[in-house]
Amino acid sequence: MQRTKILHLLASETPMPQVLAKGWVRTRRDAKDFSFIELNDGSCLRNIQVIASDTLPNYEDIKKITTGSAIEVTGKMVESQGQGQKFEIIAENLVLLGGAGEDFPLQKKRHSDEFLRSIAHLRPRSNKFGAAFRIRSEMAWAVHDFFHGRGFRYVHTPIITASDCEGAGEMFKVTTLNLETPPMKDGKVDFSQDFFGKAANLTVSGQLEGEMFALALGDIYTFGPTFRAENSNTRRHAAEFWMIEPEMAFCDLQGDMQLAEDFVRHLVRHALEHCAEDLALFNQFVNPGLLDTLKNIEGNEFVRLPYREAIEIMQNSGKKFEFPVFFGCDMQSEHEQFLTEEHFKRPVIVFDYPEQIKAFYMRMNEDGETVAAMDVLVPGIGELIGGSQREERMDRLTARMEKMGLNPDDYGWYLDSRRYGSVPHAGFGLGFERLLMLVTGIPNIRDVSPFPRVPGWAEF
Ligand code: 4AD
Ligand code: MG
């Protein structure tokens, strides 16, 4: 007989005469001549109740089964007499697959997020994290669904790379050199003797490689892990995170902003439609008002606001900010929060940023001081997306690289795309964990990451 997932048992219209369920015991309690077991298999938030009567030949052993143990049950699924569940299983055969000692830590009491983060086997079995990671899986599917529906091709860009996309130098090195006695040349480590014959890093973004494919296949996207060695210990920065980066040939900033808005609204709608049960948990226990926020995002157009106007709004707001607001300032989270949470109370796309605070590949505007960049800011998170129209004009691109202290010779392969059939193109990057923070209302990026990597922490 095949195991049926508890999700499917509970979704059944009618009782079933014979079922096989397997899972982990959440609780067990004894009545006069039977024992109640709450069984969960991780397929959904809810448990199914199993009734084991004292007529079972191994009833004495069943009475010793503890929370956290794995069991399998064959039996009849019947309409439940009790409150709170539609069906329950009357066990005809119940086998202990793997016991758990009395010291199993996930007892009825609630544990802190920090505590659970430190115990690899336990965390995904808790209600909260089980729900968070079911939503994560569902949202990854929604990402592919969105792009596939629009004819975008999925490109796998490299994880090990020799180029720094953001030009910010926040990269983890990948090397097989002996770190105690590395080969030296002219007083510097000689990476020509390293594995790849040059210095290599973990990627901070697949964008530059993605552009090569957009300029060949049209509309593409990447979805993979990215790494940043920035030492910022905040609730929204991780050293390893997943990013989704679409790139569109023959597209300008307007088209880019439209795609970003459609994408975010699609993802939120998907969550509301397909993760209702898990979202209800977060709405009740983690972030009251979450469902209203999500419906608001899904149902309303985003604000589009030139950076210059965003600065004026903040300067005229009468609000005291810790970090000064002036044309040319990089927006801090307090500024982002003010715009999305206080002033507009919905997502805001800020565009046309001053060139000095944005990356080298962004397209220079006619005014000569701003670039065709855009950031999507959302309530509770701040920056969810960063993107731009790309500089497709060779002379402007190399001039800007030099101005920012980058050596165009290091990017020869990239610049070639501007030499041969260059066209306007645009794209963006969405941080997948930040999206999950938005969708679940979980305030710390560590708690939407299956195995978070942040400064000082790389357990498991
Ligand atoms: O704004 P960023 O740095 O943009 C890029 O990397 C571009 N190459 C994207 C592109 O145009 N193709 O990063 C994009 C997004 C941010 O908006 C944020 O959501 C997320 O990636 N992100 C991080 N998420 C978690 N931890 C970090 N340390 C992050 N850094 C960026
Ligand atoms: Mg950014």
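Positions 27 to 486 (our numbering) are the ones given, in order, by the sequence shown. Ideal placement from N, C-alpha and C gives every residue a C-beta, glycine not left out.
I'd like to confirm something about residue i: is its beta-carbon nearer than 6 Å to some heavy atom of ligand 2, or not?
i: GLY457; result: no
Just to confirm, does residue i get its C-beta within under 6 Å of one of the non-hydrogen atoms of ligand 1?
i: HIS263; result: yes
i: GLU64; result: no
i: ARG330; result: no
i: GLU271; result: yes
i: PHE173; result: no
i: PHE454; result: yes
i: PHE267; result: yes
i: SER231; result: yes
i: ARG143; result: no
i: ARG254; result: yes
i: ARG179; result: no
i: ARG460; result: yes
Please report the distance separating the alpha-carbon of residue i from that of residue j.
i: GLN310; j: GLY413; result: 34 Å
i: ARG372; j: ASP401; result: 14 Å
i: THR366; j: HIS263; result: 19 Å
i: ASP278; j: ASN259; result: 35 Å
i: LEU46; j: LEU120; result: 10 Å
i: TYR333; j: GLN382; result: 13 Å
i: ASP282; j: PHE377; result: 11 Å
i: ARG55; j: LEU65; result: 12 Å
i: GLU273; j: PHE458; result: 16 Å
i: VAL474; j: ARG261; result: 11 Å
i: SER106; j: THR40; result: 12 Å
i: TRP13; j: ASP304; result: Here the chain has residues from 27 to 486 only, and residue 13 is not among them.
i: PRO481; j: SER359; result: 20 Å
i: ASN227; j: PHE253; result: 9 Å
i: TYR247; j: GLU271; result: 5 Å
i: ASP318; j: PHE178; result: 31 Å
i: GLN415; j: GLU409; result: 18 Å
i: ASP139; j: GLN284; result: 36 Å
i: ALA528; j: MET340; result: Because the chain in this structure spans residues 27 to 486, residue 528 falls outside the shown range and cannot be described.
i: SER343; j: ILE411; result: 25 Å
i: VAL465; j: ARG472; result: 15 Å
i: GLU98; j: ARG176; result: 44 Å
i: LYS186; j: LEU462; result: Sequence inspection shows Ile at residue 186; the Lys mentioned does not correspond to that position. Approximately 26 Å, taken between the alpha carbons.
i: GLY124; j: ILE32; result: 19 Å
i: LEU35; j: ASP442; result: 58 Å
Going by Cα to Cα distance, which pick from the options is closest to residue i?
i: ILE375; options: LEU71, PHE454 and ARG419; result: PHE454
i: ASP393; options: ILE383, TYR379 and GLY244; result: TYR379
i: PRO450; options: PHE353, TYR387 and GLY177; result: TYR387
i: ALA385; options: GLY193, ALA452, LEU403 and TRP50; result: GLY193
i: GLN233; options: MET420, HIS182 and PHE370; result: HIS182
i: LEU298; options: ASN322, ASP59 and LEU285; result: ASN322
i: PRO208; options: ARG143, ASP220, VAL200 and MET357; result: ASP220
i: SER61; options: PRO405, ASP216 and ASP87; result: ASP87
i: THR424; options: ARG444, LEU293, ARG29 and SER163; result: ARG444
i: GLY447; options: ALA275, ILE468, GLY223 and GLY236; result: ALA275
i: ASN326; options: PHE353, CYS355, ARG52 and HIS292; result: HIS292
Nearest chain D C-beta to residue i closer than 7 Å, yes or no?
i: MET238; result: Going by chain labels, chain D is absent from the structure shown, which holds only one protein chain.
* To do: Just jot down, in chain order, the residues whose CB lies closer than 7 Å to any heavy atom of ligand 2.
  => Each of ASP401, GLU409 and GLY412 has a C-beta closer than 7 Å to some heavy atom of ligand 2; these make up the full list, in chain order.
* Do three or more CB pairs link the region 69-87 to the region 106-121 at distances below 8 Å? -> yes
* Does the region 346-364 come close enough to the region 298-315 to have 3 or more Cβ pairs within less than 8 Å? -> no
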